[in-house]
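*Asks:* Once you know that position 121 of the sequence shown is 121 in full-length UniProt numbering, the rest is easy, because the numbers rise by one and skip nothing.
For each residue, glycine too, the CB sits at the ideal point set by N, CA and C.
I have a structure here, written as structure tokens, and I will follow up with some questions on it.
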Amino acid sequence: MSSAPEECPKPFCKCQKKSNGKAVCSGRSLHYIPRLPKYIRSVTFTNTSIRVIDKCGLLNLTFQQIEKINFTGNDLHSIDKDAFLNLTFLATLIVSSEPHLNISALKLSFQSLPRYKLLELRLNFNYWKSLPRDMFNNDHVSNVWHLFLQANSFTYVNFTTFKSMTRLRDISLSNNPITHVWLTQLTSLTKLDMSSNHFAKVPTFCGRNNTSYFPNLNTIILSRNKIGFLGPKSFRCLPRLSKLYLDYTYIGRRLQDNVFASLPSLRTLHLLKTGNPLKFISQNAFNSSSLETLILQGSHFHFDKQRRYNANRIFASCPNLQHLDLTDNYMTSDESTFQTIFRPLGKLQKLFLSSTRIVSLPTNVFTHMKLLQELHLNNNGINF
């Protein structure tokens with residue numbers, strides 16, 4: 001077997017020796033996998049006319065220690081079940097924007113991947129409507145940490161499909177039209193992205209006897225969904241959840257009491273343009289002794305209409321808040337109410353009040369905030 005060439009196969013490919021040895025091969029006149037310089041570790045094939053990868057189709061990549069292969073926007077139809085044999089260093093596989101690819105053939109090809117080596121698998125923009133139940137049911141993908149299934153056409157996902165991926169840390173299912181999921185216990189999962197889907201309600205994270213499906217989940221992203229209601233039971237059984245993203249989510253007219261109170265580890269809460277406009281905030285809506293960061297930017301909430309919230313209580317139940325962003329809301333012009341709102345926040349370090357229609361500040365309103373480091377008041381009508 002001859003060694004890999006020193007030269008990059010032009011005009012099809014561009015090679016970089018620096019940055020850990022990268023090659024990008026493109027062009028509709030490219031119909032095969034060329035041989036690449038020995039220093040290449042990562043290769044991308046994009047916008048080629050490669051339709052079929054047979055048993056020997058990737059043979060030219062076995063002369064290097066290829067760690068990453070990316071097929072994006074080609075004309076792939078099928079991959080042989082033995083296509084990945086001898087690619088013993090492969091840690092990342094990307095197959096994206098390949099809508100004609102036979103998903104069953106791809107599933108079978110996983111069996112030729114190096115056993116326990118693959119750490120990242122990206123299968124985005126393929127417009128698949130469903131996944132075979134046993135899609136990942138083999139040892140060759142059981143070690144995957146990061147799984148991306150963005151921008152397909154799933155309306156329903158059964159999480160038992162991922163059950164054999166025992167080290168899976170994060171799943172991204174963003175930008176699908178998913179309305180329902182069937183959950184099962186994944187103890188290794190720490191991050192779940194289900195943003196930009198069609199959920200009408202928050203999935204139930206509790207299993208039998210109120211056990212957690214995801215006991216180690218740290219981050220969940222549910223932004224840009226059609227969730228119409230959040231209540232005290234919406235986020236139960238997530239004992240280690242630290243970051244919750246609900247940006248651009250319609251949650252109805254009112255943010256209810258104790259929505260986040262069942263999250264003992266919650267540190268960061270993103271509600272960017274949530275409700276938009278958000279009409280009412282119940283007095284214990286932000287009840288969380290662990291909460292440190294609250295982003296309520298762009299919700300167009302009227303702090304100048306006292307019947308819509310309780311100024312004494314709105315932030316009283318989150319006394320450990322360090323970062324508060326109220327940008328692009330309507331702040332009250334009443335000095336007493338203004339002071340009342342912020343009185344409980346003695347640990348605040350960063351406060352964003354940009355574009356909140358403030359024309360004057362009450363005297364000494366922030367003097368009790370001994371730890372305050374940043375105060376943002378731009379785009380207001382204040383005359384200093």
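From Thr-204 to Asn-210, what distance separates their C-alpha atoms?
*Replies:* Start at 1 with the first residue of the sequence shown, and residue 204 comes out as number 204. Start at 1 with the first residue of the sequence shown, and residue 210 comes out as number 210. Rounded to whole angstroms, Thr-204 to Asn-210 spans 10 Å at the Cα level.
*Asks:* Mapping DSSP to helix, strand and coil, what is residue 387?
*Replies:* Outside the displayed span of the chain (1 to 384) sits residue 387, for which this structure offers no information.
*Asks:* Taking only the alpha-carbon atoms, compute the straight-line gap between Tyr-245 and Phe-148 and give it to the nearest angstrom.
*Replies:* As a working note, residue 245 is residue 245 in the sequence shown. As a working note, residue 148 is residue 148 in the sequence shown. Cα to Cα, the separation comes out at about 18 Å.
*Asks:* Would you mind stating whether Cys-15 and Ser-26 have Cβ atoms separated by less than 9 Å?
*Replies:* Within the sequence shown, the letter at position 15 stands for residue 15. Within the sequence shown, the letter at position 26 stands for residue 26. For Cys-15 and Ser-26, no; Cβs fall outside 9 Å.
*Asks:* Would you call the stretch 44–64 and the stretch 78–92 in contact, with 3 or more CB pairs under 8 Å?
*Replies:* With a cut-off of 8 Å, the stretch 78–92 and the stretch 44–64 count as touching, because enough Cβ pairs lie within range.
*Asks:* Using 9 Å as the threshold, is the C-beta distance between Asn-320 and Gln-283 below it?
*Replies:* For the purposes of this step, residue 320 is taken as the residue at position 320 of the sequence shown. For the purposes of this step, residue 283 is taken as the residue at position 283 of the sequence shown. Not a contact, by the Cβ cut-off of 9 Å.
*Asks:* Any idea what DSSP makes of Gly-27, helix, strand or coil?
*Replies:* Residue mapping note: residue 27 aligns to position 27 of the sequence shown, counting from 1. In this structure, Gly-27 counts as strand in the three-state DSSP scheme.
*Asks:* When the Cα atoms are used, what is the spatial distance from Arg-122 to Asp-80?
*Replies:* For the purposes of this step, residue 122 is taken as the residue at position 122 of the sequence shown. For the purposes of this step, residue 80 is taken as the residue at position 80 of the sequence shown. Using only the alpha carbons, I get a separation of about 19 Å.
*Asks:* Quick one, are the C-beta atoms of Tyr-127 and Asn-152 less than 9 Å apart?
*Replies:* What you label residue 127 is simply residue 127 of the sequence shown in a count that begins at 1. What you label residue 152 is simply residue 152 of the sequence shown in a count that begins at 1. Result yes, Cβ atoms of Tyr-127 and Asn-152 sit closer than 9 Å.
*Asks:* Give, in chain order, every unbroken run of the beta strand (DSSP E) that is at least 3 residues long and sits entirely within the stretch 105–155.
*Replies:* Those beta strand (DSSP E) runs which fall completely within the stretch 105–155 and span 3+ residues are 120–122 and 146–148.
*Asks:* Using a Cβ-Cβ cut-off of 7 Å (strictly less than) and excluding sequence neighbours within five positions of His-302, which residues of its own chain qualify?
*Replies:* One-based indexing of the sequence shown puts residue 302 at position 302. The answer, listed in chain order, is Arg-308 and Tyr-330.
*Asks:* Can you name, in chain order, every residue of its own chain whose Cβ lies under 6 Å from the Cβ of Tyr-156, other than the five neighbours on each side?
*Replies:* Taking the first residue of the sequence shown as 1, we reach residue 156 at position 156. Around Tyr-156: His-180.
*Asks:* With DSSP run on the structure shown, which of helix, strand or coil describes Arg-208?
*Replies:* Reading the sequence shown from its first residue, position 208 is the one you call residue 208. The answer is helix: DSSP assigns Arg-208 an H, G or I state.
*Asks:* Pick out whichever of Asn-102, Gln-65, Phe-110 and Ala-285 has its Cα sitting closest to the Cα of Thr-88.
*Replies:* If you number the sequence shown from 1, residue 88 lands on position 88. Checked all of Asn-102, Gln-65, Phe-110 and Ala-285; the closest Cα to Thr-88 is Gln-65.
*Asks:* Report yes if the C-beta distance between Gln-306 and Thr-356 is below 9 Å; otherwise report no.
*Replies:* For the purposes of this step, residue 306 is taken as the residue at position 306 of the sequence shown. For the purposes of this step, residue 356 is taken as the residue at position 356 of the sequence shown. Result no, Cβ atoms of Gln-306 and Thr-356 do not sit closer than 9 Å.
*Asks:* Within its chain, find whatever has a CB closer than 6 Å to the CB of Ser-49; leave out the 5 residues flanking it on each side and keep chain order.
*Replies:* Position 49 of the sequence shown holds residue 49. Excluding sequence neighbours, Ser-49 sits near Arg-28, His-31 and Asp-75.
*Asks:* Taking Cβ positions only, does Ser-282 come closer than 9 Å to chain C?
*Replies:* Of the protein chains in the structure, only one exists, and it is not chain C.
*Asks:* Beta strand (DSSP E) containing Gln-306: first to last residue?
*Replies:* Translated into positions along the sequence shown, residue 306 becomes position 306. Note, Gln-306: premise wrong, no beta strand (DSSP E); not H, not E.
*Asks:* Taking the alpha carbon of Leu-255 as the reference point, which residue from Leu-326, Leu-271, Leu-106 and Arg-236 has its own alpha carbon closest?
*Replies:* Translated into positions along the sequence shown, residue 255 becomes position 255. Comparing Cα positions, the closest option is Leu-271.
*Asks:* How long is the line joining the alpha carbons of Asp-328 and Gly-298, rounded to whole angstroms?
*Replies:* Taking the first residue of the sequence shown as 1, we reach residue 328 at position 328. Taking the first residue of the sequence shown as 1, we reach residue 298 at position 298. When rounded, the distance between both Cα atoms is 5 Å.
*Asks:* Since Phe-45 is in the beta strand (DSSP E), which residue starts that stretch and which ends it?
*Replies:* As a first step, residue 45 is located in the sequence shown; it is residue number 45 there, counting from the start. 42–48 is the span of the beta strand (DSSP E), which, as asked, contains Phe-45.
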